Every structure is written in structure tokens, then in C-alpha cells.
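**Student:** One structure, as C-alpha cells, below. Some questions next.
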Amino acid sequence: MSNPTPLQATCLCRTNTIQIPTTLPLTAHVCHCTTCRTSHGTLFAMHTDLEVLPFSESSPPSTFRVYQSSQDSGKAYFCGTCGTYMFASYFYMREGARHEGFCVSTGCVSLSDSYKSENPTTKLEDVLSVDFHCIIKDTIDGGASPWAGDWSKETQVQFHGNWEEPPMPSQEDAEELGRKYVYPAGRKELDGWCRCKNVKVRITREDTTKKYKTGVCACDSCRLATGTDVATYTWVPRDNAFFVTKSENGEEQIQEWPTIWDDATKAKFGNMIVFESTPGKVVWGACGTCGARIFYQRYGKTFNNGKDLVEPLTALFGADDTQGIMHLDFLDWAVSEDGIYWAEEAEKAGRAGIMTRNVNLMYQKWVKGLQSRA
Ligand SMILES: [Zn+2]
Ligand SMILES: [Zn+2]
Ligand SMILES: [Zn+2]
Ligand SMILES: [Zn+2]
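Per the working numbering, the sequence shown starts with residue 863, numbered consecutively.
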């Protein structure tokens, strides 16, 4: 039976649940470019192309904010309440003509309720799959491409370094980029920022042998918060994490990372969308201009030594497109008992086969490889 709106897209706060008219099956492509990474706060974006946006471009839902980097560029549509980057339009050239394309963030997509009632045994992974990875060379060090494949399908997905060259022969070639890259020695700080550069985050360390743990999470909240099936965040002592703002005369000002996002703090960081997913306990921050996910924060969360812990999104630290994005000299890529965190939620949502199940295995193998290299 054909269903006119088989899919829907949902944001983290669920203010927006938007029915998507399309036909199944569909594919997602995984883009590793700096624009996509800094737009979502993720190591790569997962976009599913649509023929049209499911709303009028001239009058998008009032619950959305719209970001356009310049008059000639496409637009990003993100939730004005929670900051989830949900849809985008973009321009591309084909046969000398300029065309407009549209996409939805794959992490926001699920089967619509009406489709599920007609097709009770179908899972999202049965009708949506990854077809290629692109712009891997933007990451300098290969980024997540050594482990972010799709190994569930008979035909292997292709890995494009950039559009000027033929695709890489194998995933090992993507991994080779990381093996060859050497990070600058003795770094004591890492800066990260969002696509529009209105939010800048800095993490510091006194001891250059000490690394901060970074986790890869596939839980429903991280997925809906970033629009991507896996999100990464870094556990940093609050004393070593800062927001860098600009004064009126353009000078950099270092701001302490807040312990709590109350009304006074929100007013101080007026550009940030702060959404409390568990009132009084858990907040999510996003850039209010471009919609990039910036942080996750659990009030009162501490390290074993009692120091406050904050969690900026790791991928922001890949915004400087000359220094790599995995920062193996600064970050310790963590593996939980089960591999990546909350992989079971992707299984439960019927979407693990799109990405997560394979990411989980490949990621564990990659981390083991790092340990044997060290
Ligand atoms: Zn929302
Ligand atoms: Zn991209
Ligand atoms: Zn921004
Ligand atoms: Zn999570």
C-alpha cells in the first residue's frame, strides 16, 4: 500500500513533528565536510535528499529559525526551542545550470505513525540506507571515516575524498589519512566553533600528556539533538572549558563555563538556545544563529575527584580545517563495555542497520588499532 507521507522528522524537544511526502526506499549520504560538521556539531552529517521541503520555503513553520550564510547560499531550518538542525536547502551545478536541492537530517527521521500502522513489521533500516561518504579530505586526518561505514549491505558504500578525484578504493585508504597525519606537538588548548562562528568554545590542559575522554553515543536524545545517528562529546573539567566571546571593540573575552543555565546565564549568552530536556537536571545548548549543537550538560555531574564535568560536542574542535578533527594527541576515544554508548537504543528504534550496528564494531576495532599504534 502506498502512503503519501511514510516518514516524519522530529526534533529533540518534539515541538516539531513534520510529515514528509516521499516514496521509499530512500538513501542517506554521509558528508564529512567542515560546513556539515560545524552545522550539526557532529563528526559527519547524515542527509537524506528530498524532492521538495515538506513546507513552503517562503513561510516555514513559525517554530523554526532559518539560517542563511549569504544571499546566494541555501538555508538551514532548525527548531527555535531546542536547536535541532532538521532541514536544509542547497544549490548545486549540473550541466552548467544552477539547481536547488533539499534534504532532511537523517537522525531526525522515523517512519510515520500511519505508515507503521499499515506496515507493522517494517523498520526504518529496511527502507533507508547509506549510499556514500563524501568530502572526507576536509577532515585532514580522515575523521570518522575509518569506522563510519555501512557494512550491512552487499555493495560497499563508496568513500569520496573530494569531488575532483575518483572515490577511494577502500575504507583502509580513508584510515591511511589518519595514520599519516601528525598533530602539532605540545598543544595546551583546543578551540572549536559553530558554522556561523558566533559560538566559540575553548578547552585547555596544563599537562600535555593528559588526554580528555571522548565518547560516541547513539542514544535517541543525542541523535535527535544533532540530527545524526551518532554524536560525540568530550568530558572536560568545567575549570578547563570556556566560552570565548567578543567585546564590543572586537577583543576576545574568556567566559567561565556556567554551572547552571538559569535566566541570568541565558541572558548573558543571549545567542544560545538552551533547552532543558530534564528540568533542573539536563540541558542542551545550540547556537541560536546557525543551529549547531554545542553542548550537553548534567547539573552536578562530577569526575571522581569531585571536579565539575561539562560536555562540549567533540566535533566542534574540527572547525579549524587545517588541524584535523580527531585530535588523537588531546582526546582519548573511549569505548564503553558495549562499544559505543547506547547502541541498543538504535536497535530498538529499528535503525541500527543504517549505521550504528556497523559503527559499533568498526569503532571498537579502530580504538584497538590506536592502542597498538601508541
Ligand atoms: Zn525542538
Ligand atoms: Zn557537507
Ligand atoms: Zn553558529
Ligand atoms: Zn546520548
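Heads up, the beta-carbon is just placed ideally off N, CA and C, and yes, glycines get one too.
Bear in mind that the values here come from a model prediction, so they are computed numbers and not experimental data.
#1: By alpha-carbon positions, which one of T879, G1168, K985 and V1145 ends up nearest to A1214?
#2: Any heavy atom of ligand 2 closer than 7 Å to the Cβ of R1058?
#3: Out of V1145, C1079 and E1038, which has the shortest C-alpha to C-alpha gap to R1235?
#4: When the Cα atoms are used, what is the spatial distance from G1162 to T1121?
#5: Strictly under 8 Å for the Cβ-Cβ distance: is L869 near chain C by that measure?
#6: Pair every Cβ in the stretch 990-1005 with every Cβ in the stretch 1103-1120, then say whether three or more of these pairs are closer than 8 Å.
#7: Given a cut-off of 8 Å on the beta-carbon distance, is the pair M908 and T946 in contact?
#8: Thinking G1261 and F1179 are a contact (beta carbons under 8 Å), I'd like their distance in whole angstroms, please.
#9: Considering only C-alpha positions, which residue in the set A1181, P1174 and K1108 is nearest to W1097?
#10: Helix, strand or coil: which one does DSSP assign to C1081?
#11: Under the criterion of a Cβ to heavy atom distance below 7 Å, does A907 qualify as lining ligand 2?
#12: Using a 10 Å radius around the Cβ and a threshold of 16 neighbouring Cβ atoms, would you call S979 buried or exposed?
#13: If we call anything under 8 Å between Cβ atoms a contact, is Y929 one with C1084?
#14: Which stretch, first to last residue, makes up the alpha helix (DSSP H) that contains C898?
#15: Count the other CB atoms within 10 Å of the CB of E1016; is the residue buried (16 or more) or exposed (fewer)?
#16: Give the range of the alpha helix (DSSP H) segment to which L1223 is assigned.
#17: Tell me whether W1204, by its Cβ, gets closer than 7 Å to a heavy atom of ligand 4.
#18: When you compare each of Y954, R956 and A950 to C965 by their alpha carbons, which one comes out closest?
**Tutor:** Inspection of the coordinates gives the following:
#1: Numbered from its first residue, the sequence shown carries residue 1214 at position 352. The shortest C-alpha separation from A1214 is found at K985.
#2: Here residue 1058 corresponds to residue number 196 of the sequence shown, with the count starting at 1. First, the residue type needs correcting, since residue 1058 is Cys and not Arg in the sequence shown. Incorrect: C1058 has no Cβ contact closer than 7 Å to ligand 2.
#3: Your numbering for residue 1235 matches position 373 in the sequence shown. Comparing Cα-Cα distances from R1235 to each of V1145, C1079 and E1038, the minimum goes to E1038.
#4: Within the sequence shown, numbered from 1, the residue matching residue 1162 stands at position 300. Within the sequence shown, numbered from 1, the residue matching residue 1121 stands at position 259. Going from the Cα of G1162 to the Cα of T1121 covers about 8 Å.
#5: The chain inventory of the structure shown lacks chain C, comprising one protein chain alone.
#6: no
#7: Start at 1 with the first residue of the sequence shown, and residue 908 comes out as number 46. Start at 1 with the first residue of the sequence shown, and residue 946 comes out as number 84. No. Outside cutoff.
#8: The question about residue 1261 has no answer, for the chain in this structure spans 863 to 1236.
#9: Your numbering for residue 1097 matches position 235 in the sequence shown. That would be P1174, whose Cα lies nearest to the Cα of W1097.
#10: Position 219 of the sequence shown, counted from the start, is the residue given in the question as residue 1081. If DSSP states are grouped into helix, strand and coil, C1081 belongs with coil.
#11: The residue labelled residue 907 in the question sits at position 45 within the sequence shown. Yes, Cβ of A907 sits closer than 7 Å to a heavy atom of ligand 2.
#12: As a position in the sequence shown, residue 979 is number 117, starting the count at 1. When all chains shown are included, S979 counts as exposed.
#13: The residue labelled residue 929 in the question sits at position 67 within the sequence shown. The residue labelled residue 1084 in the question sits at position 222 within the sequence shown. Here Y929 is not near C1084, since their CB atoms are 8 Å or more apart.
#14: Stepping through the sequence shown from its first residue, residue 898 is reached at position 36. Element bounds for C898: T896 to H902.
#15: As a first step, residue 1016 is located in the sequence shown; it is residue number 154 there, counting from the start. Residue placement at E1016 cannot be trusted, given a pLDDT of 46 that sits under 50; the coordinates are not used to answer.
#16: Here residue 1223 refers to the residue found at position 361 when the sequence shown is read from its first residue. Residues T1218 to R1235.
#17: Working through the sequence shown from its first residue, we reach residue 1204 at position 342. Indeed, a heavy atom of ligand 4 lies less than 7 Å from the Cβ.
#18: Working through the sequence shown from its first residue, we reach residue 965 at position 103. Selected option, being the one with the closest Cα: A950.
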